[in-house]
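Enquirer: Chains as they are written, first to last, in our numbering: chain D, 20 to 395; chain U, 20 to 395. Every residue gets a Cβ at the ideal spot worked out from N, C-alpha and C, and that includes glycine. Note that the structure is predicted; figures quoted are calculated from it, not measured.
Protein chains: 2
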Amino acid sequence: MPEHATPQEFSILATDGRARAGRLRLPHGTVETPAFMPVGTLGTVRGLTIDQLRSTGAQMLLCNAYHLAARPGTELVAEAGGLHGFMGWDGPILTDSGGYQVFSLADMLEVSDEGVVVRTQPSGRKMLFTPEEATRMQQQLGADVAMVLDECTPYPCSRERAEVAVERTLLWARRCLGAHGGGDQALYGIVQGAYEEDLRRRCAEELAGMSFDAYAIGGVSVGEPADLRNRVIDWTAPLLPQDRPRYLMGVGLPADLLDAVRRGIDLFDCVLPTRNGRNGWAFTRNGVIRIRNSRYRKDMRPVEEDCPCWACRNVSRAYLRHLMACREMLGPVLLSLHNVTFYQRLTAAMREGIRSGTLSGFGRQWPCAERTGGGA
Amino acid sequence: MPEHATPQEFSILATDGRARAGRLRLPHGTVETPAFMPVGTLGTVRGLTIDQLRSTGAQMLLCNAYHLAARPGTELVAEAGGLHGFMGWDGPILTDSGGYQVFSLADMLEVSDEGVVVRTQPSGRKMLFTPEEATRMQQQLGADVAMVLDECTPYPCSRERAEVAVERTLLWARRCLGAHGGGDQALYGIVQGAYEEDLRRRCAEELAGMSFDAYAIGGVSVGEPADLRNRVIDWTAPLLPQDRPRYLMGVGLPADLLDAVRRGIDLFDCVLPTRNGRNGWAFTRNGVIRIRNSRYRKDMRPVEEDCPCWACRNVSRAYLRHLMACREMLGPVLLSLHNVTFYQRLTAAMREGIRSGTLSGFGRQWPCAERTGGGA
């Protein structure tokens with residue numbers, strides 16, 4: 020134990036170029052990085068029980084404070100013993116503040132330095148959503164890691180809008196820090212600045228001067244090409260404290276993860292394994308299988324021969340295709356289970372690649388993660 | 020082993036009044052009766068993996084040959100090693116021929132003694148569905164138990180229609196017997212006759228004279244009141260061979276099961292635990308909990324304190340209500356898991372009640388199963 024109990028300890032165990040393999044200790048457990056967090060927006064990773072989720076190797080989940088505030092309400096979750104008690108997951112949880120949702124969904128009515136006026140769903144009432152409120156809500160949820168409220172910009176984004184978003188994000192970051200009680204919860208800052216190198220630098224340097232437990236890169240995964248996102252990481256990551264985790268928000272496909280890990284990113288979250296699973300995509304080392312395709316009608320092989328997930332050990336591509344064709348709920352469940360397992364195997368293999376200094380040859384074992392062309 | 024290998028052995032271990040506790044040996048395993056079969060129409064009990072299904076205590080499943088013939092096709096299932104290989108369930112499976120579906124769904128175009136002309140979904144093409152075809156398809160599916168093709172009548176039903184249906188059902192029963200290869204598959208006959216005592220008697224006596232492995236009572240659970248259904252059982256069950264299982268098709272609520280077990284029924288299937296689970300019903304000893312009700316908003320208790328299902332051991336009513344309110348897939352999954360478990364506990368308790376001669380007092384432990392008023 021350190022002299023002062025901190026909600027988080029992070030140690031880097033190995034590096035390979037700029038890539039880092041680390042260990043992140045949080046109140047509810049330890050996370051080996053690079054790590055991928057499945058997304059459980061409303062306190063459930065769609066379709067999976069907590070036991071199924073554990074079986075994927077997932078170490079840490081992401082939930083969304085903004086959505087949970089609307090339903091079922093953060094007070095109710097607090098009464099249930101926080102998110103851990105409410106949903107039954109006993110490992111680390113990170114909550115997103117909801118900045119991304121506020122700015123990407125249609126319910127934002129007005130934004131000022133004070134906060135954002137939103138129309139909350141499903142009740143439809145107006146609410147002023149402030150940095151202090153976002154912080155308080157995440158403390159009620161009892162997450163291991165809370166995120167600051169930030170202003171997320173779209174792609175493309177005007178210089179002017181990006182400048183305003185950076186200043187507001189910095190203002191709100193200070194207010195979140197001020198409102199945050201500390202205790203058993205880490206608080207991560209978020210770098211904005213769209214695709215402007217100087218704005219990303221300014222935002223990263225200012226935030227690095229504040230005492231956040233770690234730093235995220237936000238405003239990506241909003242439609243930009245991969246090479247532009249990679250430049251954002253190249254500008255930003257080196258300015259963030261070496262000894263703290265770096266989290267790339269909302270990313271992405273396997274090749275996006277590999278690009279980012281090679282640039283020093285430690286944490287990821289993304290809806291792709293579950294959302295695309297529900298739509299019939301199965302991720303494999305060699306690329307995506309679209310299970311509805313008629314070529315799989317009589318394919319009695321598992322989705323992936325060496326995958327340890329329940330679906331691959333028990334049912335065939337033909338059966339999964341049948342489930343999806345009949346809109347049977349078990350299809351989305353099993354493809355989500357496979358895909359979440361796939362992302363855990365992918366990041367475990369990246370950690371191993373870093374420890375053994377072989378990340379440069381990663382694509383030989385995981386062709387899906389190497390870009391064959393240039394860019395996206 | 021008997022002198023001639025039979026696909027089925029049935030022994031009665033205990034009786035309590037007319038109720039029987041038995042043991043049914045089938046090629047894929049042994050079923051303790053009275054038994055409830057969860058319904059997996061298309062080769063999947065909606066939302067549940069085979070592991071989850073096993074955890075409920077389910078011993079035997081029902082699938083539907085008619086639906087499986089449309090999607091994915093019985094040939095494909097045969098190539099996958101039959102239903103057992105295709106869906107991964109290694110216990111006994113009964114397939115319904117599809118008689119009920121043909122006569123209750125809108126795709127029946129024409130019926131004659133030869134068979135039924137149906138419009139198959141989703142392709143829309145016309146097909147002549149005959150007793151021989153129904154038998155052949157069920158052999159391709161590799162079920163432990165196949166059902167004859169019958170003509171199922173509605174409620175209410177004219178005398179004339181009921182007479183025609185009985186004669187046609189008897190004709191088709193003989194043709195199914197003739198077409199059935201025997202081997203590792205049992206074949207059950209189905210008694211029709213609507214709500215006419217003499218027709219039920221005639222149908223039961225004629226069928227009892229044919230060499231079916233067991234007998235089902237069909238044409239119930241089509242909207243009739245409970246007392247009328249009970250009378251149908253009272254007329255029919257005593258005429259069926261004592262030494263073979265009796266199966267009441269498509270029934271029902273807990274009180275319906277208890278009524279029928281007390282009248283000598285051994286096997287049941289019904290969509291209620293899964294269908295009503297998807298709609299937010301949770302069965303309990305004391306009656307149904309409608310989980311969307313606002314009274315459960317902050318209810319941190321499990322659905323049922325002594326229930327061993329995963330949902331009751333891990334999540335609260337408040338969490339289930341939240342999942343259903345947000346239309347999260349995990350809500351239907353967990354309520355289905357609970358309800359299927361409930362039906363297995365209910366029938367296990369009935370077996371115990373028969374063995375201990377205490378079935379008359381069943382309602383003290385299971386108030387949900389006793390009728391408080393008279394009738395439905």
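Please determine, among D35/D, L277/D, Y174/D, the residue with the shortest C-alpha to C-alpha distance to E215/D.
Expert: One-based indexing of the first sequence puts residue 215/D at position 196. Minimum Cα distance to E215/D is reached at Y174/D.
Enquirer: In this structure, what does DSSP give as the bridge partners for I112/D?
Expert: Locating residue 112/D in the first sequence gives position 93, counting from the first residue. Beta-bridge pairing links I112/D to L80/D.
Enquirer: From L365/D, R37/D, C195/D, pick the residue whose C-alpha is nearest to that of G306/D; which is it?
Expert: Against the first sequence, residue 306/D aligns to sequence position 287. When only C-alpha atoms are compared, the closest one is L365/D.
Enquirer: Please list the partners that C345/U has in chain D, where partner means a Cβ-to-Cβ separation under 7 Å.
Expert: The residue given as residue 345/U occupies position 326 in the second sequence. Near C345/U (Cβ distances below 7 Å), the residues of chain D are L61, R90.
Enquirer: Mind pulling the chain U residues with CB within less than 9 Å of D318/D?
Expert: The count along the first sequence starts at 1 and reaches residue 318/D at position 299. What D318/D touches in chain U: nothing, since even the nearest Cβ is about 10 Å away.
Enquirer: Would you check if the stretch 277 to 293 of chain U and the stretch 35 to 46 of chain U touch, i.e. whether three or more CB-CB distances between them fall below 8 Å?
Expert: The answer is yes - the stretch 277 to 293 of chain U touches the stretch 35 to 46 of chain U, with three or more Cβ pairs under 8 Å.
Enquirer: Enumerate in chain order the residues of its own chain whose CB-to-CB distance from R194/D is below 7 Å, with the five nearest sequence positions on each side excluded.
Expert: For the purposes of this step, residue 194/D is identified with residue 175 of the first sequence, where counting begins at 1. The residues are P150, E151.
Enquirer: What is the rounded straight-line gap between the Cα of T360/D and the Cα of A77/D?
Expert: Taking the first residue of the first sequence as position 1, residue 360/D is located at position 341. Taking the first residue of the first sequence as position 1, residue 77/D is located at position 58. Between T360/D and A77/D, the C-alpha separation is close to 8 Å.
Enquirer: What does a CB cutoff of less than 6 Å around D318/U pick up in its chain, not counting 5 residues either side in sequence?
Expert: The residue you call residue 318/U lines up with position 299 of the second sequence. Excluding sequence neighbours, D318/U sits near R336, A337.
Enquirer: Please compile the residues from chain D whose C-beta is within a distance smaller than 8 Å of the C-beta of V352/U.
Expert: Within the second sequence, residue 352/U is the residue found at index 333, counting from 1. What V352/U touches in chain D: G66, T68, M348, V352.
Enquirer: What does the alpha-carbon distance come out to for the pair V50/U and Y362/U?
Expert: Walking along the second sequence from the start, residue 50/U turns up at place 31. Walking along the second sequence from the start, residue 362/U turns up at place 343. Approximately 15 Å, taken between the alpha carbons.
Enquirer: Helix, strand or coil: which one does DSSP assign to V164/U?
Expert: Reading the second sequence from its first residue, position 145 is the one you call residue 164/U. Correct three-state label for V164/U: strand.
Enquirer: What three-state label does DSSP hand C289/U in the structure shown?
Expert: The residue labelled residue 289/U in the question sits at position 270 within the second sequence. Looking at C289/U - three-state DSSP - the assignment turns out to be strand.
Enquirer: On the DSSP bridge list, what partners appear for R390/U?
Expert: As a first step, residue 390/U must be located in the second sequence, where it is residue number 371. BP columns for R390/U are empty, so no partner.
Enquirer: Assuming A274/D and R390/D are in contact, meaning their beta carbons sit under 8 Å apart, how far apart are those beta carbons, in whole angstroms?
Expert: Walking along the first sequence from the start, residue 274/D turns up at place 255. Walking along the first sequence from the start, residue 390/D turns up at place 371. Right, the Cβ-Cβ distance comes to about 5 Å (below 8 Å), so this counts as a contact.
Enquirer: Would you call Q140/D buried or exposed, if buried means 16 or more other Cβ atoms sit within 10 Å of its Cβ?
Expert: In the first sequence, residue 140/D corresponds to position 121, counting from 1. Under this definition Q140/D is an exposed residue.
Enquirer: Tell me whether S355/U sits in a helix, a strand or coil according to DSSP, three-state version.
Expert: Walking along the second sequence from the start, residue 355/U turns up at place 336. The answer is helix: DSSP assigns S355/U an H, G or I state.
Enquirer: Beta-carbon of Q337/D versus every beta-carbon of chain U: anything under 8 Å?
Expert: Counted from its first residue, the first sequence places residue 337/D at position 318. Residue identity differs from the one stated: residue 337/D is Ala in this sequence, not Gln. Closer than 8 Å to some Cβ of chain U, the Cβ of A337/D qualifies, so yes.
Enquirer: Whose C-beta lies closer than 8 Å to the C-beta of R265/D among residues of the same chain, with five residues either side of it excluded?
Expert: Mapped onto the first sequence, residue 265/D falls at position 246. For R265/D, where only same-chain residues beyond five positions count, the Cβ hits under 8 Å are A233, Y234, A235, I236, A256, L259, G283, I284, D285, L286.
Enquirer: Straight-line CA distance for A344/D to Y315/D?
Expert: On the first sequence, position 325 is the one that residue 344/D refers to. On the first sequence, position 296 is the one that residue 315/D refers to. Computed Cα separation, rounded: 12 Å.
Enquirer: What are the boundary residues of the beta strand (DSSP E) that P57/D is part of?
Expert: To locate residue 57/D, count along the first sequence from 1; it is residue 38. Note, P57/D: beta strand (DSSP E), 54 to 57.
Enquirer: In the DSSP assignment, the beta strand (DSSP E) including F148/U goes from what residue to what residue?
Expert: Position 129 of the second sequence, counted from the first residue, corresponds to residue 148/U. It spans 145 to 148 - the beta strand (DSSP E) in which F148/U sits, taken as one unbroken run.
Enquirer: Judging by CA-CA distance, which residue of D217/D, A301/D, L189/D, M369/D is the nearest neighbour of G228/D?
Expert: Taking the first sequence and counting its residues from 1, the one referred to as residue 228/D is at position 209. Checked all of D217/D, A301/D, L189/D, M369/D; the closest Cα to G228/D is L189/D.
Enquirer: Which same chain residues end up closer than 6 Å to V241/D when comparing Cβ atoms and leaving out the 5 residues on each side of it in sequence?
Expert: Residue numbering aside, residue 241/D sits at position 222 when the first sequence is read from its first letter. Taken in chain order, the residues that qualify are P173, Y174.
Enquirer: Let me see if you follow: with CB-CB separation under 8 Å, is H103/D close to chain U or not?
Expert: The residue given as residue 103/D occupies position 84 in the first sequence. Judged by the 8 Å Cβ criterion, H103/D is not in contact with chain U.
Enquirer: Given that a residue counts as buried once 16 or more other Cβ atoms are within 10 Å of its Cβ, and exposed if not, what is Q204/U?
Expert: By 1-based counting over the second sequence, the position of residue 204/U is 185. Buried is the call here.
Enquirer: Along the chain, which unbroken stretches of the alpha helix (DSSP H) at least 4 residues long are found entirely within the stretch 246 to 332 of chain U?
Expert: Counting whole runs of 4 or more residues, the stretch 246 to 332 of chain U contains the alpha helix (DSSP H) stretches 273 to 280, 291 to 297.
Enquirer: Return yes when the Cβ of Y85/D is within less than 8 Å of the Cβ of S131/D, no when it is not.
Expert: Here residue 131/D corresponds to residue number 112 of the first sequence, with the count starting at 1. Here residue 85/D corresponds to residue number 66 of the first sequence, with the count starting at 1. Cβ atoms of S131/D and Y85/D: not closer than 8 Å.
Enquirer: Spatial neighbours of T63/U within its chain, please: CB distance less than 6 Å, with the 5 preceding and 5 following residues excluded, ordered by chain position.
Expert: Sequence index remark: in the second sequence, residue 63/U carries index 44 (1-based). Here the set comprises nothing.
Enquirer: Helix, strand or coil for S74/U? Go by DSSP, reduced to three states.
Expert: As a working mapping, residue 74/U is identified with position 55 in the second sequence. Three-state result, S74/U: helix.
Enquirer: So, under 8 Å CB-CB, M479/U and R65/D are touching, yes? Tell me the CB distance rounded to an integer number of Å.
Expert: Given a span of 20 to 395 for chain U in the structure shown, any question on residue 479/U remains unanswerable.
Enquirer: Mapping DSSP to helix, strand and coil, what is E129/U?
Expert: For the purposes of this step, residue 129/U is identified with residue 110 of the second sequence, where counting begins at 1. Correct three-state label for E129/U: strand.
Enquirer: Measuring only the C-alpha atoms, how far is V322/U from V167/D?
Expert: In the second sequence, counting from the first residue as 1, residue 322/U sits at position 303. In the first sequence, counting from the first residue as 1, residue 167/D sits at position 148. Roughly 36 Å separates the two Cα atoms.
Enquirer: Any beta-carbon of chain U closer than 8 Å to the one on V359/D?
Expert: The residue given as residue 359/D occupies position 340 in the first sequence. With 8 Å as the cut-off, V359/D does not count as an interface residue toward chain U.
Enquirer: Taking C-beta pairs closer than 8 Å, name the residues in chain U that G329/D reaches, listed in chain order.
Expert: Within the first sequence, residue 329/D is the residue found at index 310, counting from 1. Just to set this straight, residue 329/D is Trp in the shown sequence, not Gly. The contacting residues are T68, D70.
Enquirer: Just checking: is the beta-carbon of A388/U within a distance shorter than 8 Å of some beta-carbon in chain D?
Expert: To locate residue 388/U, count along the second sequence from 1; it is residue 369. Taking Cβ atoms only, chain D never reaches closer than 8 Å to A388/U, which makes this a no.
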